[in-house]
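J.: To start, I am sharing the structure in question, which I have written as structure tokens.
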Amino acid sequence: MTRTLLTIALVLLLGGAARAERLIVSVSNHRVTVTPNYSGEELVLFGSVERDATTPADRTAYDLVVTVRGPRADMVTRRKERTFGIWINTDYRQFLQVPSYLALFANRPFDAITSPEIARRQQIGLNNVLLTQRVGGDYADVVPNDAFRSAFIRLRTQRGLYREDPSAVTFLTPTLFRTGIPLPAEVPIGTYEIEIKLFANGAFIGKTETAFEIVKVGFEQFVATTARHNGFLYGLATVAMALMTGWMASIVFRKD
Amino acid sequence: MQLYLPIADLPVNVFLVLAMGAAVGFVSGMFGIGGGFLMTPLLIFIGITPAVAVASVASHIAASSFSGALSYWRRRAIDPALASVLLCGGVTGTTLGVWAFTQLRALGQLDLMIALSYVVLLTTVGSLMFSEGLRALMRTRRGALPPRRTHNWIHGLPLKMRFKRSKIYLSVIPVVVVGILIGFIGAIMGIGGGFILVPIMIYLLRVPTSTVIGTSMVLTLVTMLFATMLHAVTNHLVDAVLALILMVGGVTGAQFGARAGQKIRGEQLRLLLGLLILSVGIRFAIELVIQPSDLFTIRELGVSG
């Protein structure tokens, strides 16, 4: 198994090296820690397009699309309908293993970068990102203007968890670029994948990947894992805390 | 000052939550109720999911009712026998309630159930209390005597027991049923149930006012401690950090509320409380009836990896 993976990795590496351009990227922070005063953060991704001898001389203008995907989760979108005069949840769709955070950044509008066909294949733009739904017994993505799909994207966008910005990537020189990755306070904990796709003259010519993680540390980490794995002890501790607080108050405010 | 809540996964302003705890604590101290029916909606309003709010408020109510129960115990205003019979029902009711909570959460109808129960319960109890307070107020103004207490069908039930400190002779059946009811409602709605329990005990069970609040606080305390445990074990949704901030604010506010409450006459107090409960109920009713600004909602089913 390891050997197969290694071979695949090697082939991919050689394949990458054989391409005309190479992307070198890095993020400002590979490990975002959630501390008690954490209230969101902005990471910076920067990198350069490395050209070599095989690069066609006339290829100088590049386009970049950066996709950031947070940890995947199953989500349910529900629709309220008026029943007996009150608004209650009736219909629902389940989205399977969709990114909890999704950001698409580019240096110019997606439709100016490449053709609709390639954009669809490379999942460029929120309309083209694969969001698998369970429809009855089937697993499939649906048309971009599906009511549940667009509501899902709209709600995630409102919370700052899904975003697309076709002007976020800036080229400092024709080959050196940077972009900010805004992370609102309520972004989920976990591993985030960044995929950087390079286009020239509308054609997809290569990509690279990197990642960062958001982790709870210290006290937050301790509380969260205890609550999940030692529910009984956690409950006892909370109960003890409640009794202590109540008892202290009755001592402090005692009127004798 | 922002503080990150480890279970709610959300940063909140500590002073805002403290102030909310203190304000609700003031009301609860003033009227001798837990105040959960005010706290839970407030938490939902600042962006905490209903499930986490309900689970965390339970421990907050436990803290404030413990501090209350201690002072009532010193004044010998708690009936231990009555409290233990109520508790038998309360513990059963809470278990059923937490089970129902888990089932409803899986069905996606928890928010609706919470909202519906708030509307029904708060408007009913609120209007009953309000009208009763109004009648009592008019009676005292006219100088008439309160109507003589009569025995009702509840006093004809078998399995009678003597509750010494309350000086009543009563069947255990209605007491256990009331306990189950309060425990069940409390676990689902994230309320202590004091505002329902006290009127039931006074008007239905004829428990004297000297022991009613203290005894109801014992039931609230134990059911809420139990609810905290069950929520922690089954749903892992109790946010201890949030609960601690609420507790500190709550117990402090409750002391000042209790002092303010002693300055107001009983009927006016009931009138005010009725009005307060009624307005919270109406607010929930309006929310259910008018078209929501967004018909769609998303719920995450747990992050993997």
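Sequence lines, in order, name chains A and B.
Sequential numbering from 21 applies to the first sequence in the numbering used here.
Sequential numbering from 1007 applies to the second sequence in the numbering used here.
Using N, Cα and C, we set each Cβ at its ideal position, and we do this for glycine too.
(1) Sorted by chain position, which residues of the same chain lie with C-beta nearer than 6 Å to B:LEU1116's C-beta, five sequence neighbours on each side aside?
(2) Does any C-beta atom of chain B lie closer than 8 Å to the C-beta of A:ALA81?
(3) Does the structure place the segment 1008 to 1023 of chain B close enough to the segment 233 to 250 of chain A that three or more beta carbon pairs sit under 8 Å?
(4) Hey, is A:LYS5's beta-carbon within less than 8 Å of any beta-carbon in chain B?
(5) Of the residues A:ILE209, A:ALA81, A:THR195, which one's Cα is nearest the Cα of A:ALA132?
(6) Below 8 Å on the Cβ atoms is my guess for B:HIS1313 versus B:ALA1064; work out the distance and round it to an integer in Å.
(7) Between the alpha carbons of B:MET1230 and B:ILE1067, how many angstroms are there, rounded?
(8) Please state whether DSSP places A:PHE273 in a helix, a strand or coil.
(9) When DSSP labels each residue in this structure, what does A:LEU146 get in the three-state scheme?
(10) Using the rule of at least 16 other Cβ atoms within 10 Å of the residue's Cβ for burial, across every protein chain shown, is B:LEU1088 buried or exposed?
(11) Quick check on B:VAL1213: does DSSP put it in helix, strand or coil?
(12) When the distance is taken between beta carbons, is B:VAL1228 closer than 8 Å to B:SER1062?
(13) Looking at chain A, which residues of the segment 1246 to 1274 of chain B have a Cβ within less than 8 Å of any of its Cβ atoms?
(14) I believe A:PHE125 touches A:ALA220 by the beta-carbon criterion, under 8 Å. Please report the beta-carbon distance rounded to the nearest angstrom.
(15) State yes or no: is the beta carbon of B:TYR1010 nearer than 8 Å to at least one beta carbon in chain A?
(16) Since A:ARG279 sits in a beta bridge, which residues does DSSP pair it with?
(17) Does the beta carbon of A:GLU184 sit closer than 8 Å to a beta carbon anywhere in chain B?
(18) Could you name the residues of chain B that A:ALA206 contacts, counting a contact when the two beta carbons are closer than 9 Å?
(19) In this structure, how does DSSP classify A:VAL189 when only helix, strand and coil are distinguished?
(20) Helix, strand or coil for B:PHE1021, going by three-state DSSP, please let me know.
(21) Whose Cβ in chain B lies nearer than 7 Å to the Cβ of A:GLU106?
(22) Do you know whose CA, among A:GLU41, A:VAL54, A:SER68, lies nearest A:THR199's CA?
(23) Run through DSSP, which three-state label would B:ARG1111 get?
(24) Using the Cα positions of A:ILE225 and A:PRO186, report the straight-line distance between them to the nearest angstrom.
(25) Have a look at A:ASP161, A:GLY238, A:ALA205 and flag the residue whose alpha-carbon is nearest the alpha-carbon of A:GLN117.
(26) Measuring straight from C-alpha to C-alpha, what distance separates A:ASP83 and A:ASN127?
(27) Taking a contact to mean a Cβ-Cβ separation below 8 Å, would you say B:PHE947 touches B:GLY1287 in this structure?
(28) Under a CB-based cut-off of 8 Å, is A:PRO56 close to chain B?
(29) Need the endpoints of the alpha helix (DSSP H) that A:PHE104 sits in, please.
(30) Under 9 Å Cβ-Cβ, which residues of chain A neighbour B:VAL1239?
(31) Going by beta carbon distance, what residues of the same chain come within less than 7 Å of B:VAL1178, once the five residues before and after it are set aside?
(32) If the cut is a Cβ gap below 8 Å, which residues of chain B does A:GLU240 touch?
(33) Do we get a CB-CB distance below 8 Å when we pair A:ARG154 with the residues of chain B?
(34) Mind listing the chain A neighbours of B:SER1070? Cutoff is C-beta to C-beta under 7 Å, in chain order.
(35) What are the complete beta strand (DSSP E) segments, minimum 3 residues, inside the segment 1173 to 1253 of chain B?
(36) State yes or no: is the beta carbon of A:ALA262 nearer than 8 Å to at least one beta carbon in chain B?
T.: If we stick to the structure as given:
(1) As a working note, residue 1116 of chain B is residue 110 in the second sequence. These residues qualify, in order along the chain: LEU1110.
(2) As a working mapping, residue 81 of chain A is identified with position 61 in the first sequence. It does not; no Cβ of chain B falls within 8 Å.
(3) yes
(4) Outside the displayed span of chain A (21 to 276) sits residue 5 of chain A, for which this structure offers no information.
(5) Taking the first residue of the first sequence as position 1, residue 132 of chain A is located at position 112. Of A:ILE209, A:ALA81, A:THR195, the residue nearest in Cα terms is A:ALA81.
(6) Not covered by the structure: residue 1313 of chain B. The range shown for chain B is 1007 to 1311.
(7) What you label residue 1230 of chain B is simply residue 224 of the second sequence in a count that begins at 1. What you label residue 1067 of chain B is simply residue 61 of the second sequence in a count that begins at 1. Using only the alpha carbons, I get a separation of about 7 Å.
(8) Numbered from its first residue, the first sequence carries residue 273 of chain A at position 253. DSSP places A:PHE273 in coil when its eight states are reduced to three.
(9) Taking the first residue of the first sequence as 1, we reach residue 146 of chain A at position 126. Three-state DSSP puts A:LEU146 in coil, outside helix and strand.
(10) Working through the second sequence from its first residue, we reach residue 1088 of chain B at position 82. So B:LEU1088 counts as buried.
(11) By one-based count along the second sequence, residue 1213 of chain B stands at place 207. It is coil, neither helix nor strand.
(12) Counted from its first residue, the second sequence places residue 1062 of chain B at position 56. Counted from its first residue, the second sequence places residue 1228 of chain B at position 222. Their beta carbons are not under 8 Å apart, which means B:SER1062 does not touch B:VAL1228 by this criterion.
(13) ALA1246, VAL1247, ALA1249, LEU1250, MET1253, VAL1254, VAL1257, THR1258, ALA1260, GLN1261
(14) Position 105 of the first sequence, counted from the first residue, corresponds to residue 125 of chain A. Position 200 of the first sequence, counted from the first residue, corresponds to residue 220 of chain A. In fact, because the Cβ distance is near 18 Å, the residues do not count as touching under 8 Å.
(15) Within the second sequence, numbered from 1, the residue matching residue 1010 of chain B stands at position 4. Judged by the 8 Å Cβ criterion, B:TYR1010 is in contact with chain A.
(16) Absent from the model: residue 279 of chain A. The displayed extent of chain A is 21 to 276, so no value can be given.
(17) Along the first sequence, read from residue 1 onward, the residue named residue 184 of chain A stands at position 164. Not one chain B Cβ lies under 8 Å of A:GLU184.
(18) In the first sequence, residue 206 of chain A corresponds to position 186, counting from 1. Note on residue identity: the sequence assigns Glu, not Ala, to residue 206 of chain A. Under the 9 Å cutoff, chain B gives ASP1015, LEU1016, PRO1017, GLY1053.
(19) Taking the first residue of the first sequence as 1, we reach residue 189 of chain A at position 169. Residue state, collapsed to three classes: coil.
(20) The residue labelled residue 1021 of chain B in the question sits at position 15 within the second sequence. Correct three-state label for B:PHE1021: helix.
(21) As a position in the first sequence, residue 106 of chain A is number 86, starting the count at 1. Checking the displayed sequence, the identity of residue 106 of chain A turns out to be Ile instead of Glu. In chain order: LEU1294, VAL1295.
(22) Along the first sequence, read from residue 1 onward, the residue named residue 199 of chain A stands at position 179. With distances taken between Cα atoms, A:THR199 lies closest to A:SER68.
(23) In the second sequence, the residue the question calls residue 1111 of chain B occupies position 105. Of the three classes helix, strand and coil, the one that applies to B:ARG1111 here is helix, per DSSP.
(24) As a position in the first sequence, residue 225 of chain A is number 205, starting the count at 1. As a position in the first sequence, residue 186 of chain A is number 166, starting the count at 1. A:ILE225 and A:PRO186: Cα-Cα distance of roughly 19 Å.
(25) Residue mapping note: residue 117 of chain A aligns to position 97 of the first sequence, counting from 1. Out of A:ASP161, A:GLY238, A:ALA205, A:ASP161 has the C-alpha closest to the C-alpha of A:GLN117.
(26) Translated into positions along the first sequence, residue 83 of chain A becomes position 63. Translated into positions along the first sequence, residue 127 of chain A becomes position 107. Going from the Cα of A:ASP83 to the Cα of A:ASN127 covers about 6 Å.
(27) One cannot answer for residue 947 of chain B here, as it falls past the ends of chain B, which runs 1007 to 1311.
(28) If you number the first sequence from 1, residue 56 of chain A lands on position 36. Cβ-Cβ to chain B under 8 Å: yes for A:PRO56.
(29) Counting from one through the first sequence, the residue named residue 104 of chain A turns up at place 84. It is not in any alpha helix (DSSP H) - A:PHE104 carries neither H nor E in the DSSP assignment.
(30) Along the second sequence, one-based indexing puts residue 1239 of chain B at 233. Within 9 Å Cβ-Cβ: GLY251, PHE252, TYR254, GLY255.
(31) Numbered from its first residue, the second sequence carries residue 1178 of chain B at position 172. Hits under 7 Å: VAL1091, LEU1165, MET1167.
(32) The residue you call residue 240 of chain A lines up with position 220 of the first sequence. Result: TYR1010, PRO1012.
(33) Your numbering for residue 154 of chain A matches position 134 in the first sequence. Chain B contact via Cβ: absent.
(34) Mapped onto the second sequence, residue 1070 of chain B falls at position 64. Within chain A, the residues near B:SER1070 are GLY266.
(35) 1174 to 1177
(36) By one-based count along the first sequence, residue 262 of chain A stands at place 242. Taking Cβ atoms only, chain B reaches closer than 8 Å to A:ALA262, which makes this a yes.
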